[in-house]
Structure formats: C-alpha cells, structure tokens
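Colleague: Could you have a look at this structure, given as structure tokens, before my questions?
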Amino acid sequence: MRATVLRTQTTAAARRPGRLILTGLAILVASFVVFGTVLVQQITERTVRDNLSGTPAATDLVIGSPGEPPPTVNDVRQIRAVPGVAEALARVSTGVSVGEGYLNLQSDPGTGPLTTVRVIEGSYPDQPGEIAITPRTAERLGLSVGTTTSGTGGELTTPAPLTVTGVVDTAADAGYDAYAPDSAVIAWARLTTVERVDLRVAPGASTDAVRQRVTAAVAGQPIRSGAEVREAEANAAAEEVGRLFVLVGIFVSIAVAAAALVVTSTFRIVFAQRMRQLALLRAVGASRATLVAALTAEGALTGLVAGVVGVASALTLGYALPAILRAAGHAVSAPGLPLAAAVTVVIGAVVITVLAVLAPALSAARVPPLEALRTASTTAGRRGIGVPRLVFGLLLAVGAVLAAVATVSQLPKPEQLNYDPSMPLLLLVGSGTLAFFALVALGPLLVRPVLAVVGWPLRQLGPLGRMSVGGIGGAPRRAAAVSVVVALGVTLISGVVIGGASLQMLADREMALSAPTDFEVTSNGGTLPPAVVSRAEAANGALARVVPYRRVDDATLLRGVDKLGDVESGYPTSDLDLAALPSTGDLDVAQGSLADRGPGRIVLNSWVARDAGLRAGDTVTLAVGTSRVEVRVAAVLPGDGPLHAGILTDSADLDRLGVPAAYTGLLADAAGAGEEGRTAGVRALRQAIGGSDGVGLAVLADERDRNDALVRTLVWIAVGLVSLTVLIAVVGVGSTTALSVVERVRESGLLRAIGLSRTGLRTMLTVESGLYGVIGATIGLLLGIPYAWLAVQTLGINAPLTAPALPLAGLFVVLVGLTALAGVLPARRASRVSPVVALGADN
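Just add 1491 to wherever you are in the sequence shown, counting from 1, and you've got our numbering.
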C-alpha cells in the first residue's frame, strides 16, 4: 500500500508540471537568488583580479615590501647596473604643498611597458622641477601646459619651482595628481628612499638568474615576482568583495527562510484542495504515516524541479550578462562553472521544501476516512490556532520584549566614552528573531484585528469591498502565512530606509561641521591679506557667498579666578557666523538652542563642555590673554564644533577681548552647480589669493561628495539585498492567489450566477491579493520603525532617528501595488470560467 500511494501521488504531481512549478515557485526564485549570488560573487572576484591590479603586467620583479625597510636611492642605482635588467622603475610618491593647494607627485616613466599614464597634451617631463598633471588637477589648480608654480615636498623645505610640461590621462583622477620620472621626483624632492622598485627583465634573460644577481646586489631587500604582487593586490581587493558577500549571504538566508514559509502556506492550500482524495486513500487502507510519506515525497519532487529550474536559469543569465557587458565595452569577467555549488543549491532546495511540507503533510494526513463522503474535494481551512501554538507564540513575544528591554539597558549613555556595540547588537538580533517567529505563530490571531482596521475603508465601498475583506478574513491562517513574509520584507526595508535617513542626517551634520561650504581659504596660522577677502567677496558670478572668520587657539574659560578644564594652552575659538551658512540647519544640539547665540552668548562643543564642566545656561568668563568678557553658554553641540572649533563666540566678543580684526580664514560656496560651477569657484578664489604667501585653498565639497556617495551606495545596496525577501513575498502572494482561485471555483461560479460581472470578480480577487500587502505592510511598519530606532541607537554613532514619511508611504503603496499586481493573472483566469461550468465543477 505504501508503494502504491507513493507512486500515485508522485505520478499525479509529475503529470501536472504547471501546478508543480506554481507550488514550488518561491523555492525556484530562492534557488535562482542563491545560485545567482554565487555566480555574481565569482564574476565580481574574477573581474577584480583581472582588472584592478596596480602593478603593470610587464613587471617581472618587485624589490621592496610594505612593513620592511624601503630601498634606498643607492639600491636603485645598483639594481639598474645588474646584467639582464631592461628597466628598473623606482615607485615613489610625495605630497607637495603648492602656493594655493596640494599635489600628490608620483613617479612614472610616462612611456614603455611600465607606465600607467598616457600623455594627451604637451610632453612628458624629463628634468627635475617638471611635472605632468591630470585634466581635473589642471582645472582645480588653474594650471596649464607651460605654467610654473612653486612648492615644497619630501625633504625639500624651501619652495622650489615646478613647471607643467604636459597633461596625462590616468585610470583615476582625484584632482590633485601629478607625475614625473622617478629620477626627476627623487632629485626635486631630495629623497633618499623609495617605496619599491619595479623591474623588467631584458628579452632573452632568465628571470631567476636576474633575481639572484639583484639579491646579491641589494642584500636584505625582499624580492617578489610581478605575478606574486599582482596576485596579492587582487587578493586584497577580492577579500573586500568576500566581506561584502558575507553580508549578502545573511540577507539571502533571510530570503530563503521567507521562501520556506511561502511554500508551507502553498502546500497547505494544495493539500486542502485534495482532502477528498486523501480521505479516499485513508478509506481504502492507507495509514497516516503512508500519506505523510507520499506527501513528503511530492514535496521533494517539487523542490527538485524548482531547484533545477532555478539553478539553470541563474546559470544561463550568469553567462549571458557578462558577455553582453563585454560586447558593450565593459571589462567584466565570466564566472566559472561551480558544479558543487549548483548541486548543493538543488539539494538545499529539496531539503527546505521537505521541511516546509512536513507540517501541512502531518495536518492533511489526519483527515478521517468519512471525509470521502463529502461532495466537495476541499475543506475549509482552520480559522484559529491551537493552545500549544498560542502559548509558544506568547512565550516568543515575551522573549522578544525582554530582549528589547535588555538592548535598551545596554545603550550608550550621553557621557560614555568607551562603548562596545557587540552585546547590544546581539540582543537586538535575538529580539528581532524572536519577534518574527512570534509573528509566525500568532499571525492568524493578528490578521483579524489588523484587517478590521485596514479593511474598514473597503467595507464602506459596498458589497464588492465587503466580499474582498471577507475573503481574507475567512482564511486567516492563509492570510497570516503570506502576510508574515510581506511583513518581514517591509520590516527590513523600512529599517534600512530609516537607518539610511538617520545615517544621512548624521553625515550631513558631520559635513556641516567639517565641510560647511564648498571651499575654505586658510592662512596656515597667520592672517589673510585684506585684499584676498575683498576680491573673494567681489567674485559674485562664481561664488554664492563668502563668510570670513577669525580663530584664536588660546582662549580659556574661567569662573572667578579659577581656570576651568585640564587643557593648558586653551581651547580653539572662532567667531564663524553660523547664520550665514546654509548648512546650519543640519546641526542639532545636545543642550540649549543655536538661535540664542549672540553677543555675550557662546556655543561649546561636547568635549569642551565636559572638560570645563559646563551646561547650557551656565555663566562663565571667556579670556584671551589678560582680557576678560562675561558670557553665557547658549548651547552645547553633541560632537565637534564647525571647523573643529571648541568655542563659538560672537565677533563682538572677540573685539572686546582685543583679538585683531584681520581674518584668519574664509568659507565660500560655488555659485554654479556641478563640476563646472565648482571649477569656476576654484578659479575665482585662486585669483583672489593671487601670489599671497602662506595662503591655501581646500575644496571641501569633494569630501562632502565622497561621503554622500558612500552613504547612498550603502543604502541602495542594503535596499537591494532586503528586496530579495520582498520578491519572495510577492511570488508567494501570486502563487497563493492562483491556488486559492482553483480552490474557490464553485464560489466564483455562484457569484457570477447571482449577477457579479467578470470585471467585478476580477476586481474582488485583485483587491484580496492587495490586502495581503496591506496587512503585511502595516505589520511590517509597526515592527520596522521601533527596531530601526533601536538599531540606530545600538550602533552608538550618535545619529538622530529620522523616519522619512514620504519614502515610507511610498514603500507602503509600492508593496500593496506589487501584491495586487501578483493577483491580476489569477483573477483574470477565474473571471473567464463560465458560471455553469464553475457550478458543476468539483474543483
């Protein structure tokens, strides 16, 4: 009997491959995602290894290694004299302070197999004091071919001339790069050591023989082959990729767990549709164990087919996409053929499907033989949950709350300096995991109250709305199974959105402190010539605003005659006008208000406030030298002050303290947008600086752009990863709706027979599908917002909690739209069935 029942069930499933695929659709998608992730990691690592080495392919040997004493200039001469050496390039870089900016001067031959640059204008340098620069450097520094400037760098302490002879194209242009032959860099900067020596062996010479001769010439210097160095550089880059994919694996695991939940729900529906058949098997002698084995075998077959199709689809796309990108001119490497990973994914799909089918199979096997006397082949799903499941769910919920409370108790205190987030993060993850499984256990009980709230507007629209809500409420276990997966996805995405917005606000606040404008002109410890400030203020076409400021580094705080704090030399103090800066709105305060700042009122950064023992509202004496002025603390910042100032005071107070009126620096913003506006601003400020000695220009906007790009990249990567769970959820909604349409053929026929139009039936079923998204998104947001707040606080990065209403509302609408869209095709199928055929169907 066992073999007969097993053969009957698996044969019936194999004869209907469409339903087999539909049942295992979530596992198919999960298999595609998992194996696709393996292929993407291979593509990324191979691309990194093939294209991102900084050592030219022609390099045969490399002398010198990080962490070891560097080769000397004399070593370079001895290496070049070794027989069999065709070329020996000393790799060296040195920072150069030019009149109004900074250059990173690097050695490069400019021509030949070991070069990394290409001349696009002028000629490559060949003498000390000659340089070639990148296009962006030329724009930023206002230099061109033939221009001469001066600077100091390396061991050179007195300014020496630098003449631009050419412009070169490079793989990366940071806006401050310059190149020259190694001999020219060494001679100009008066260097005695180099970073390493890249060596090319002469044609026909033995690399091993040359290596032995070089070892004898420069004893003690580590020598590696060029292939070893390129491999090490590629491995370092690939290691970073590996760390990223560890994080990817965590999110993929969550998506796989979501797929298992969807499959469990799907099999409950499928088995409920075949209750009469299963009862007949019981009636003719099949035991419960036999039915469980047969249904589990059907699940294994479903997992096998879904896993094979998912892996094959991922493999096809994994090979096709790099080929398309290479044809478009992108250097993307093809993946390998990871057979072991493919087999593992297929086996995993089978195992997960079998585990997911066990609970529905055990439930279906309990069907009594008398159920075969029913006229319908389906049975109504249970509406509630048993007492053991209720108790277990409540215990999980209590555990989640206790873990959350423990997390809150571990959060950093305002004055805490040393904070380790490891334990709070562990508690938070534990709380979230317990909350999710509590949601799985108690989901059927939560569906009805949530549906009563979110479904109220639909019920007011008439009978069609009430039927849609009733269709969901009539099967709360099914609704809970699908909605929980949607809720998991929404919880993760809302957490990422809130965390990303909080991180962005933190980054904006930090940039408002360290880079409040596009440019800063400083006097390197002195004062700016008045002409520099006046010329900058007159450059209205290129600069939007100019905010000069004064700074003193020896201000002290007194109470009576007692000096406050432990700093001997005093605190850096500035009269920077925050009201004139557009980034002031990005600043927040730990105490007081920035609006109270003015004559006689100061703002302290957090460190100065702690060191001096002051709070907002305290009165104190501000002193510079022998001058004194009474001030009140208007506000305390949560971190550092703008431009690393410890005390912000009004300009009138500095006047009263006898500080000279000459400015020590100025801030400015570009009037135009983009790179062109920024370049115009740089040129205007360089013209304002003119030939003033000791005056430098820093482009703060570049740092701000890098930080913004990093935050955006991190947020989008996180959103992309958690979207895998949402994809599984949408697939689950579609498959659940499709199978429920089959289960309710007679119900649909009855509705059509009493007057419901095809359009009305389609609308009702589509709205039901969308309600899965409404319920899941509602629960997800209710969980996501508090857990996001806890996550932000747990990291200890002092980021303010930001819940962006518009993106969260957009997330809600998109999820509801996607789940509704998933039900469109099943609804169209149901509406096409004739009422007569539907009423006569036995499902």
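Each residue gets a CB set at the ideal place from its N, CA and C atoms; glycine is no exception. Predicted, not measured: the structure shown is a model, and the values here were computed from it.
If we ignore side chains and look at the alpha-carbon of each, how far apart do V1878 and A1805 end up?
Modeller: Your numbering for residue 1878 matches position 387 in the sequence shown. Your numbering for residue 1805 matches position 314 in the sequence shown. Approximately 43 Å between the Cα atoms of the pair.
Colleague: Pull up the DSSP beta-bridge partners for N1909, would you.
Modeller: As a position in the sequence shown, residue 1909 is number 418, starting the count at 1. Per DSSP, none; premise fails for N1909.
Colleague: Do the stretch 2138-2155 and the stretch 2091-2106 touch if we need at least three Cβ pairs shorter than 8 Å?
Modeller: yes
Colleague: Going residue by residue through the stretch 1959-2035, where are the continuous alpha helix (DSSP H) segments of at least 4 residues, counting only ones entirely within it?
Modeller: 1967-2005 and 2021-2029
Colleague: Straight-line CA distance for T1869 to R1968?
Modeller: Translated into positions along the sequence shown, residue 1869 becomes position 378. Translated into positions along the sequence shown, residue 1968 becomes position 477. Residue confidence for T1869 is low, a pLDDT of 48 falling below 50, so the modelled location carries little weight and cannot support an answer.
Colleague: Cβ of T1898 versus every heavy atom of the ligand ADP: is any distance shorter than 6 Å?
Modeller: With respect to the ligand ADP, the structure offers nothing, as it holds no ligand at all.
Colleague: Indicate the three-state DSSP secondary structure (helix, strand or coil) for P1562 in the structure shown.
Modeller: Along the sequence shown, one-based indexing puts residue 1562 at 71. Here P1562 sits in coil by DSSP.
Colleague: Does the Cβ-Cβ distance between G1839 and Q1533 come in under 7 Å?
Modeller: Residue numbering aside, residue 1839 sits at position 348 when the sequence shown is read from its first letter. Residue numbering aside, residue 1533 sits at position 42 when the sequence shown is read from its first letter. Not in contact: G1839 and Q1533 (Cβ atoms no closer than 7 Å).
Colleague: On a Cα-Cα basis, can you pick out the residue from M1958, A1581, A2107 and A2175 that is closest to V2080?
Modeller: For the purposes of this step, residue 2080 is taken as the residue at position 589 of the sequence shown. Nearest C-alpha to V2080: A2107.
Colleague: Give every residue of the same chain whose Cβ lies closer than 7 Å to the Cβ of S2322, excluding the five residues on either side of it in the sequence, and list them in chain order.
Modeller: Mapped onto the sequence shown, residue 2322 falls at position 831. Once the five neighbours on either side are set aside, the close Cβ partners of S2322 are R2249, L2252 and R2253.
Colleague: Q1703: buried (16+ other C-beta within 10 angstroms of its C-beta) or exposed?
Modeller: Position 212 of the sequence shown, counting from 1, holds the residue named residue 1703. When all chains shown are included, Q1703 counts as exposed.
Colleague: Using the rule of at least 16 other Cβ atoms within 10 Å of the residue's Cβ for burial, across every protein chain shown, is G1711 buried or exposed?
Modeller: Taking the first residue of the sequence shown as 1, we reach residue 1711 at position 220. Label assigned to G1711: exposed.
Colleague: Expressed to the nearest angstrom, what Euclidean distance is found between the alpha-carbon atoms of L1887 and V2124?
Modeller: Locating residue 1887 in the sequence shown gives position 396, counting from the first residue. Locating residue 2124 in the sequence shown gives position 633, counting from the first residue. In a straight line, the C-alpha of L1887 is about 49 Å away from that of V2124.
Colleague: Between which two residues does the alpha helix (DSSP H) carrying L2256 extend?
Modeller: Here the question's residue 2256 lines up with position 765 in the sequence shown. Taken as a continuous stretch (DSSP letters only), the alpha helix (DSSP H) holding L2256 covers R2249 to L2286.
Colleague: Ends of the alpha helix (DSSP H) at L2297?
Modeller: As a working mapping, residue 2297 is identified with position 806 in the sequence shown. A2296 to A2313 is the span of the alpha helix (DSSP H), which, as asked, contains L2297.
Colleague: Measure the alpha-carbon distance for V1977 versus L2272 and round it to whole angstroms.
Modeller: Within the sequence shown, residue 1977 is the residue found at index 486, counting from 1. Within the sequence shown, residue 2272 is the residue found at index 781, counting from 1. Taking the straight line joining both Cα atoms gives about 11 Å.
Colleague: Excluding the 5 residues flanking D2160 on each side, which residues of the same chain have their C-beta closer than 8 Å to its C-beta?
Modeller: Your numbering for residue 2160 matches position 669 in the sequence shown. Counting only Cβ-Cβ distances below 8 Å, and skipping sequence neighbours, we find T2008, D2009, F2010, L2034, A2035, R2036, P2073 and G2172.
Colleague: Please report the Cβ distance between I2266 and V1987, rounded to the nearest whole angstrom; I am assuming they are in contact, meaning their Cβ atoms lie under 8 Å.
Modeller: Residue numbering aside, residue 2266 sits at position 775 when the sequence shown is read from its first letter. Residue numbering aside, residue 1987 sits at position 496 when the sequence shown is read from its first letter. In fact, because the Cβ distance is near 21 Å, the residues do not count as touching under 8 Å.
Colleague: Got a sec? Which residues, its chain only, sit under 6 Å from E1559 by beta carbon, not counting five neighbours each side?
Modeller: If you number the sequence shown from 1, residue 1559 lands on position 68. Only P1713 meet the Cβ criterion.
Colleague: Using the Cα positions of A1825 and A1803, report the straight-line distance between them to the nearest angstrom.
Modeller: Working through the sequence shown from its first residue, we reach residue 1825 at position 334. Working through the sequence shown from its first residue, we reach residue 1803 at position 312. Cα to Cα, the separation comes out at about 16 Å.
Colleague: Compare the C-alpha of F1927 against each of G2301, L1916, V1975 and L1955 and name the closest.
Modeller: To locate residue 1927, count along the sequence shown from 1; it is residue 436. It is V1975 whose Cα lies nearest to the Cα of F1927.
Colleague: How would you call Q2178, buried or exposed, if buried means at least 16 neighbouring beta carbons within 10 angstroms?
Modeller: If you number the sequence shown from 1, residue 2178 lands on position 687. With a threshold of 16 other beta carbon atoms within 10 Å, Q2178 falls short and is exposed.
Colleague: Which term fits A2152, buried or exposed, when burial requires 16 or more other beta carbons within 10 angstroms of its beta carbon?
Modeller: Taking the first residue of the sequence shown as position 1, residue 2152 is located at position 661. With fewer than 16 Cβ atoms within 10 Å of its Cβ, A2152 is classed as exposed.
Colleague: Does the separation of the CB atoms of S1598 and R1582 fall below 7 Å?
Modeller: Your numbering for residue 1598 matches position 107 in the sequence shown. Your numbering for residue 1582 matches position 91 in the sequence shown. Yes, these two residues count as a Cβ contact at 7 Å.
Colleague: If we count the other Cβ atoms within 10 Å of its Cβ and call it buried at 16 or more, is R2042 buried or exposed?
Modeller: As a first step, residue 2042 is located in the sequence shown; it is residue number 551 there, counting from the start. So R2042 ends up on the buried side.
Colleague: Put Y1452 into one of helix, strand or coil per three-state DSSP.
Modeller: With the chain represented from 1492 up to 2334, any question about residue 1452 goes unanswered, as that position is not in the structure.
Colleague: In whole angstroms, give me the CA-to-CA distance for R1759 and V1783.
Modeller: Indexing the sequence shown from 1 puts residue 1759 at position 268. Indexing the sequence shown from 1 puts residue 1783 at position 292. Between R1759 and V1783, the C-alpha separation is close to 13 Å.
Colleague: From what residue to what residue does the alpha helix (DSSP H) around S1716 run?
Modeller: Within the sequence shown, residue 1716 is the residue found at index 225, counting from 1. No alpha helix (DSSP H) contains S1716, which is instead part of the beta strand (DSSP E) from I1714 to S1716.
Colleague: Return the chain-ordered list of same chain residues with a C-beta closer than 7 Å to the C-beta of D2087, the five sequence neighbours on each side being excluded.
Modeller: Position 596 of the sequence shown, counted from the start, is the residue given in the question as residue 2087. Result list for D2087: A2125 and A2126, in chain order.
Colleague: Is the Cβ-Cβ distance between A2300 and I1989 less than 7 Å?
Modeller: For this step, residue 2300 is matched to residue 809 along the sequence shown. For this step, residue 1989 is matched to residue 498 along the sequence shown. No; because the gap between Cβ atoms is not below 7 Å, this pair is not in contact.
Colleague: Report the rounded CA-to-CA distance for S1900 versus P2129, giving the unit in angstroms.
Modeller: Position 409 of the sequence shown, counted from the start, is the residue given in the question as residue 1900. Position 638 of the sequence shown, counted from the start, is the residue given in the question as residue 2129. Taking the straight line from one Cα to the other gives about 21 Å.
Colleague: Which residue marks the beginning of the alpha helix (DSSP H) containing A1797, and which one marks its end?
Modeller: Here the question's residue 1797 lines up with position 306 in the sequence shown. It spans R1779 to A1818 - the alpha helix (DSSP H) in which A1797 sits, taken as one unbroken run.
Colleague: What would DSSP say about I1624, mapped onto helix, strand or coil?
Modeller: Looking up residue 1624 in the sequence shown gives position 133. Of the three classes helix, strand and coil, the one that applies to I1624 here is strand, per DSSP.
Colleague: Taking V1520 as the reference, which of L2069, A1751 and S1635 has the closest Cα?
Modeller: Walking along the sequence shown from the start, residue 1520 turns up at place 29. When each option's Cα is compared against that of V1520, the closest is A1751.
Colleague: Indicate the three-state DSSP secondary structure (helix, strand or coil) for A2126 in the structure shown.
Modeller: Along the sequence shown, one-based indexing puts residue 2126 at 635. In the structure shown, A2126 sits in a strand (DSSP, three-state: E or B).
Colleague: Is the stretch 1566-1584 touching the stretch 1681-1699, taking contact as three or more C-beta pairs under 8 Å?
Modeller: yes
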